[in-house]
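Here the structure is laid out as structure tokens; the discussion comes afterwards.
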Amino acid sequence: MYLSWQKSSAVGNNRMFPTVRVSFSGPLRQATPSDRYVVLLDIVPMDSRRYRYAYHRSSWLVAGKADPPPPARLYAHPDTPIGPDALRKQVISFEKVKLTNNEMDKNGQVSGNVPL
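Each residue of the sequence shown is one higher than the one before, starting from 1 at the first, in UniProt numbering.
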């Protein structure tokens, strides 16, 4: 993770994770042209531990037990709802999603312009 951050930081990008991009192909179940789809992003903890970054070791270390997870917060992509044909033709990119640990933030743990 650190090497990835170091490379992206060198070009002025301080993202914690790569941009999530998804595409859809194939038939959508009984889709009609008037159907609309919402694409959602959910970020969940990978385990029940808290981590901290140790600069002197250039690595992440377990720093104890994690706080209880917050209620699920979903981020709806701003270009959705979207029709089935458009959904198959474009790549859905979540490049504007931001993470926050501010529990008072109205958007919760996943922050963006279009919260649910």
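Here a beta-carbon is modelled for each residue, glycine too, at the ideal position from N, C-alpha and C.
Whole-Å CB distance - residue i paired with residue j, under 8 Å assumed
{"i": "residue 117", "j": "F24", "result": "Nothing can be reported for residue 117: it is not among the residues displayed for the chain, which extend from 1 to 116."}
{"i": "P81", "j": "R36", "result": "4 Å"}
{"i": "R29", "j": "I92", "result": "With 8 Å as the limit, R29 and I92 do not qualify as a contact, their Cβ atoms being about 18 Å apart."}
Residue i - containing alpha helix (DSSP H), residue span
{"i": "L87", "result": "P84 to K89"}
Exposure label - residue i; buried when at least 16 CB within 10 Å
{"i": "Y75", "result": "buried"}
{"i": "H56", "result": "exposed"}
{"i": "V97", "result": "buried"}
Assigned secondary structure, residue i (DSSP; H/G/I helix, E/B strand, else coil)
{"i": "V39", "result": "coil"}
{"i": "L61", "result": "strand"}
{"i": "L28", "result": "coil"}
Delimiting residues of the beta strand (DSSP E) encompassing residue i
{"i": "A72", "result": "Run containing A72: none; DSSP gives neither H nor E here."}
{"i": "Y53", "result": "R49 to A54"}
Residue i - partner residues in DSSP beta bridges
{"i": "V22", "result": "I92"}
Near the ligand PLP: residue i beta-carbon under 7 Å from a heavy atom
{"i": "T100", "result": "Because no ligand of any kind appears in the structure shown, any question about the ligand PLP cannot be addressed here."}
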